[in-house]
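Asker:
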Amino acid sequence: MGTYKCDCYPGFQLTGGKTIDGEGISHPASKCRAIGDDPLLFLSNRAAIRQYDLVTNKYHPLVNK
2 MGTYKCDCYP GFQLTGGKTI DGEGISHPAS KCRAIGDDPL LFLSNRAAIR QYDLVTNKYH
62 PLVNK
């Protein structure tokens, strides 16, 4: 069997634990994630401005009416 190496583009790092394939063989992490803070989505309505963390799936209030 051959070998392989996972790598990421600059600004990204290899993350995640080991994975098991369909034959029960363990493989190292194979997901690339951007280096830095989690991405945030800002949401507003008439009463508040909130931020939503796209990684943790949690809302955080920024401004309330």
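What the sequence shown shows, in our numbering, is residues 2 to 66, in sequence order.
Even glycine gets a Cβ: it sits at the ideal position worked out from N, Cα and C.
Since the structure is predicted, the reported quantities are computational estimates derived from the model, not experimental observations.
#1: Give the secondary structure of Ser45 by DSSP, where H, G and I count as helix, E and B as strand, and everything else as coil.
#2: Let me make sure I understand the geometry here. Which of Pro11, Asn65, Arg34, Pro40 has the alpha-carbon closest to that of Lys59?
#3: Just to check my reading of the structure: Leu15 and Cys33 have Cβ atoms closer than 8 Å, yes? What is that Cβ distance to the nearest angstrom?
#4: Would you kindly work out how many angstroms separate the C-alpha atoms of Val64 and Asp8, rounded to a whole number?
Answerer: Per the coordinate set shown:
#1: Strand, per DSSP.
#2: For the set Pro11, Asn65, Arg34, Pro40, the Cα lying nearest the Cα of Lys59 is the one of Pro40.
#3: Confirmed, Cβ separation roughly 6 Å.
#4: Distance between the alpha carbons of Val64 and Asp8: 41 Å.
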